[in-house]
Each structure stands twice: as structure tokens, then as C-alpha cells.
Amino acid sequence: MNAYKPTYHFTAKSGWINDPNGPIHVNGEYHVFYQHNPYGDEWGTIHWGHAKSKDLVNWEHLPLALYPSLDQGEEHCFSGCTVMVGGRPAILYTSIGGGGRNAKTGAQQWLAYGSEDLIHWEKSSVNPILKPEIHGDMDIQEWRDPYVWEMDESWFMVCGGTHNNRGCAVLYRSNDLLSWEFLGITADGPERVWECPNLFQLGSKWVLTYSPDEEDNRVRYKLGVLTKDYRFKEEYTGILDYGGREGFYATTTCKDENSRRILFSWMPESARGNSKEISGWSGAHNIPRLLSLNEETKRLHIEPIPELEYLHSEHVSFGSGWIKGDMAKGIKGKALELSVIIDRQQSSGIFGMSLFGSPDGEEETLLEIDFTRLRVVLDRSKSSKDPDVHRHEVSADFSQVNGNDLLLRVFVDHSTIEVFIQNEIAMSARVYPIHHDSEHVRVYANDGNVYLKSLDAWHMKS
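Right under this line is the structure:
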């Protein structure tokens with residue numbers, strides 16, 4: 001059953017998909033790899049899937065890039081990155097096997113070189129290029145997900161893990177991607193394990209992103225500076241997306257040939273999504289996002305890629321004015337972009353938007369912006385009525401968001417919702433409507449008056 005499979009979000013043709021891996025922009029083409037089980041719709045036997053695109057929205061599926069080397073005891077090719085070295089593409093990834101090669105204490109970092117077109121890959125004969133022994137007496141567990149960049153005529157690598165029950169980002173340096181020097185733990189925190197760390201410069205700051213494998217698994221970012229001894233000195237911590245692992249996890253980034261920093265991430269299925277109602281596939285990627293630094297506020301600017309406009313088809317627009325009763329009842333669909341601009345100075349009470357609504361109103365997902373409490377809430381309690389969705393409500397505080405107007409952008413795609421507030425706050429969630437006709441949209445106001453400057457909706461092509 002494919003009623004829940006997103007149409008304009010990236011998915012594998014079939015099988016399981018999780019972390020995006022090694023995105024890279026080469027010769028005008030974006031390549032994205034991903035954790036993939038080609039043999040089923042559950043996690044297992046992890047390979048690297050591969051796709052490419054000229055515009056980040058229309059993707060061509062390519063042959064699998066990495067297979068587990070069973071003859072070398074390898075059972076899974078975990079996450080990693082892709083770089084160009086001497087004009088040649090190279091993948092660095094975490095290799096997992098059985099017994100002593102387990103993910104908790106025995107992970108290794110491996111290297112593979114690619115053909116010029118990035119289609120064919122051959123693993124290096126010197127693998128592993130890093131083993132746990134590189135840490136000496138320091139016990140780094142759950143060690144994985146290398147991210148590599150070039151700086152000061154050297155290669156640097158950051159990996160995630162845990163040390164003394166604290167999540168950490170661990171740093172290394174090399175001249176040739178083969179021999180590595182351990183530089184120490186560059187940053188750590190109270191979360192149990194840090195997964196998928198990225199460390200990069202953005203404007204005047206360094207940015208560290210990581211996915212915490214713990215109960216509060218909302219992906220974090222830290223802004224700060226990198227000291228001369230390669231320690232990350234934190235100045236601000238924020239949340240990349242408030243959806244947590246039910247809607248947004250395992251982020252990675254790349255810098256494209258236009259110097260844009262692009263963020264990729266994974267939208268897992270909920271327990272319902274892994275049930276018999278969805279078979280043959282599982283998981284999607286969030287829409288790619290642009291990251292930039294607001295030099296005035298020293299906060300991240302998080303914006304959907306502008307290329308999504310290529311997918312616009314039928315357009316509906318409503319003029320400005322006060323919201324009276326239910327509006328936008330003429331809008332319906334399961335693949336939409338909605339854009340709303342609200343005059344904050346004139347608005348009070350609650351602005352609401354109903355998504356995935358059934359004609360009888362019994363089933364809907366509610367997105368509400370409370371101008372009194374300065375909170376935005378995505379409430380799924382009336383949608384799918386699924387006891388397996390652990391958190392029906394996703395919420396965020398927008399008291400620090402500036403501007404006389406409030407820009408709200410919402411992307412809906414069959415079982416996904418992604419929300420952007422002023423391009424400063426993002427939240428993502430999975431929704432599985434029970435009724436086939438749960439596709440209606442309405443806009444309303446409660447407990448006050450809300451003044452709309454504009455309301456636009458586009459149907460999205462696949």
C-alpha cells in the first residue's frame with residue numbers, strides 16, 4: 001500500500017531507508033547516498049543507496065554504491081561522508097561486523113574510492129584506516145559517522161560517540177586520508193550518544209550539529225569558535241527541528257558549488273509506518289534546507305531550498321484581511337505547499353490551520369500559533385488516532401523570533417508535515433490519516449483576531 005508514501009520527498013524505490021550519507025555537489029550534479037536495506041522494509045544488512053539530481057528535487061536512482069564485504073567480516077556499511085581528493089571521489093564510512101566488530105565497542109572507519117562519475121566504488125586495500133586503538137587509553141564507544149573536510153592543507157575528521165556516559169564529537173587529522181592522528185574530544189554534552197556530527201564554518205562562526213541518541217532526540221546545533229588546539233568553544237545552542245526522531249534525525253550537510261550549505265535529514269516511519277499497512281518501503285528524507293548565519297542575531301537561518309518552487313502546479317491565493325470563520329475550505333490535497341504571512345502587530349489569540357482533514361471534521365492535524373503564549377503547536381491527536389505515535393504534540397517557543405510579520409511555510413506530502421516559522425524555527429512530523437479523503441485544509445482564528453497579509457497554496461508535482 002503506497003497511499004502514505006511521499007511523492008516529492010526523496011524515498012528509495014523500495015526497501016528500508018534511513019540516514020542520508022555523503023551528499024556532495026560535483027560537476028553541477030548533487031549526489032546523495034543513504035543507509036539502505038535493499039532486501040526489505042525493516043532495518044538490516046545496511047548498504048549505501050545512491051541517487052543524483054541537478055536541482056535537489058528531481059532525483060535519478062543509481063546503482064548501490066557500497067555493499068557489506070562479507071568476506072572481510074563486514075555486515076553493515078554505516079553512515080559517513082564523501083569528499084574529492086586529487087579529483088577523485090572518496091567515501092569514508094563506519095564499518096560494522098559481528099563479534100568484536102560490533103557497533104558499541106568494535107566499529108572501524110573504512111575508505112572507498114569512486115570512479116569519476118561516482119557510480120563504481122572500490123574499497124581501499126589498507127582498510128581499516130582507523131580502529132578504536134587510535135584512542136589509546138581513552139574508551140570511546142558507539143564510535144561512528146565520520147564527517148571529513150579540508151582545512152590548513154590537511155584533512156580533518158569528526159566522529160560521534162560516547163565517553164564516560166557523555167555524547168561526544170571526536171576529532172582527527174590526516175595528510176592523505178589513510179594515516180590519522182587523534183586530536184582528542186572537540187566537544188561533548190550530557191546526551192548519551194552523539195550521532196552524525198558535522199563541524200563546519202558558516203559566516204563568522206563554526207557550527208557543530210549532532211543527533212543525540214536519547215529520549216529527547218531533537219537534533220541540536222551549536223555555534224561557537226574552534227580554538228587553536230581544536231576544541232569547540234560553544235557560544236549558543238539551538239534545535240534544528242523540534243520534531244525529534246519521529247520526524248527529523250540523522251542530519252548531514254554539504255557545501256555546493258554555489259557556496260550554499262545544504263542540510264539533509266531522515267524522516268523515520270512511526271510504529272504504524274512499519275506495520276503491515278505500509279509494505280515494501282520505509283522512511284523518507286526531509287526536504288533539503290539551506291543553512292546560513294544571521295550575523296546580527298548569531299542564530300541559524302533555516303530555509304527550505306528555493307528549488308522546491310519547480311514543483312509548484314495549481315495555485316490558490318487568498319487576499320489580505322481579518323480571519324472570519326473558517327477560511328481556505330477550497331484547498332485540498334495530500335501534496336501541498338502553504339505559505340502564510342500574518343501581521344503580528346495586529347494579531348492576537350490563536351491562528352490555526354487544519355491539515356489532512358476529513359470532510360466530516362472527525363480527523364485532522366492541527367497547526368496552531370498562539371500569539372499570547374508565543375508558542376507554535378502541531379497536534380496530531382485527532383489524526384490517525386494512532387496509539388503508537390509516542391508524542392502526538394510537537395511544540396516550540398517563538399518568543400525570540402523577530403519581525404513585524406510572521407512567515408509560516410508548511411509542506412504536506414501524504415504522510416509528512418514540515419513547518420517553518422520565519423525561517424528560524426522548524427518542526428517535522430509523520431501523520432498517517434485513516435480515511436482516504438482526509439485531504440482538506442482550513443484556516444481559522446480562536447480567542448482573538450488574526451490579520452492575514454497573504455495566504456497561498458500550491459499543489460506539488462512529484
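Residue 1 is where the sequence shown starts when you use this note's numbering, and the numbers rise one by one after that. Backbone N, C-alpha and C fix where the C-beta goes; we use that ideal spot for every residue, glycine too. In this text the structure is predicted, and so the values were computed from the model without any measurement.
Excluding the 5 residues flanking it on each side, Trp180 has same chain C-beta neighbours closer than 6 Å at Leu130, Tyr172 and Ser174, in chain order.
In the displayed model, Gln72 falls within a helix according to three-state DSSP.
Going by DSSP, Gln201 is part of the beta strand (DSSP E) stretching over Trp194 to Leu202.
Secondary-structure assignment with DSSP links His163 through a beta bridge to Arg166.
Contact between the segment 282–293 and the segment 199–208 is present: 3 or more CB-CB pairs across the two stretches fall below 8 Å. In this chain, the beta strand (DSSP E) harbouring Lys123 covers Trp121 to Lys123. The continuous beta strand (DSSP E) containing Gln108 extends over residues Gln108 to Gly114. A direct Cα-to-Cα measurement between Ala328 and Leu355 gives close to 11 Å. Around His414, the same chain offers Tyr4, Pro6 and Lys334 as residues with beta carbons nearer than 6 Å, after the five sequence neighbours per side are excluded. In the DSSP assignment, Asp379 falls within the unbroken beta strand (DSSP E) covering Arg375 to Asp379. In the three-state reduction of the DSSP assignment, Pro306 falls in the helix class, which pools H, G and I. Using a Cβ distance threshold of 9 Å, Ala112 and Leu66 count as a contacting pair. If only uninterrupted beta strand (DSSP E) runs of at least 3 residues are considered, those enclosed by the segment 129–163 are 141–151 and 154–163.
Taken atom to atom, the span from the alpha-carbon of Gly97 to that of Leu338 is near 45 Å. Gly357 is not a Cβ neighbour of His436, given a cutoff of 9 Å.
For Pro212, the uninterrupted beta strand (DSSP E) segment begins and ends at Lys205 to Pro212. Taking a cut-off of 8 Å for Cβ pairs, the segment 406–413 and the segment 225–241 do not touch, as fewer than three such pairs fall below it. DSSP places Met460 inside the beta strand (DSSP E), whose first and last residues are Tyr451 to Met460. Bridge pairing for His440: Lys332 and Gly357 [DSSP].
For a cut-off of 8 Å, the C-beta gap from Arg144 to Gly161 is around 7 Å, short enough to register as a contact. Distance from the CA atom of Trp206 to the CA atom of Lys332, rounded to whole angstroms, is 42 Å. In this structure the segment 44–57 touches the segment 27–35; the number of beta carbon pairs closer than 8 Å is three or more. In the structure shown, Glu215 adopts coil according to DSSP, grouped into three states. Note that the C-beta distance between His163 and Leu336 is not below 9 Å. When secondary structure is reduced to three states using DSSP, Glu246 falls in the helix class. Rounded to the nearest angstrom, the Cβ distance from Glu424 to Arg231 is 28 Å, too far for a contact under 8 Å. Residue range Arg88 to Gly97 is occupied by the beta strand (DSSP E) that includes Ser95. According to the DSSP secondary-structure assignment, Arg231 is paired through a beta bridge with no residue. Leu311 carries a helical assignment under DSSP once its states are collapsed to helix, strand and coil.
The shortest C-alpha to C-alpha distance from Arg245 to any of Trp155, Ile302, His285 and Trp121 is the one to His285. Residue Asp139 holds the alpha-carbon nearest to the alpha-carbon of Ile185 among Asp139, Arg218 and Val219. Taking 9 Å as the cut-off, the Cβ atoms of Asp19 and Ala250 count as close. Around the beta carbon of Gly22, 16 or more other beta carbons lie within 10 angstroms, which makes this residue buried. For Gly224, the enclosing beta strand (DSSP E) starts and ends at Arg220 to Leu226. Arg299 sits in a strand when the DSSP states are folded into three classes.
Less than 9 Å divides the Cβ of Asn127 from the Cβ of Trp110.
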